[in-house]
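In our numbering, the protein residues as written are -15 to 39.
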């Protein structure tokens, strides 16, 4: 499965977080890549389902 668009999304997001810390003085603690919907997928065992933008 190709996830180039997700990789690029995270790359840009991480750059934006870095810029917020370095340029704006944001007190940044961390970032998680999962959300509540992932818990549902894990509990049903449906590992192939994809959420968000798909190509």
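Ideal Cβ positions, reconstructed from N, Cα and C, are used throughout, including at glycine.
Answer yes or no: do residue i and residue j have a C-beta to C-beta separation smaller than 8 Å?
i          : j         : result
residue 12 : residue 5 : yes
Expressed to the nearest angstrom, what Euclidean distance is found between the alpha-carbon atoms of residue i and residue j?
i          : j           : result
residue 0  : residue 7   : 10 Å
residue 14 : residue -13 : 23 Å
residue -4 : residue 16  : 15 Å
residue -9 : residue 18  : 14 Å
residue 9  : residue -2  : 15 Å
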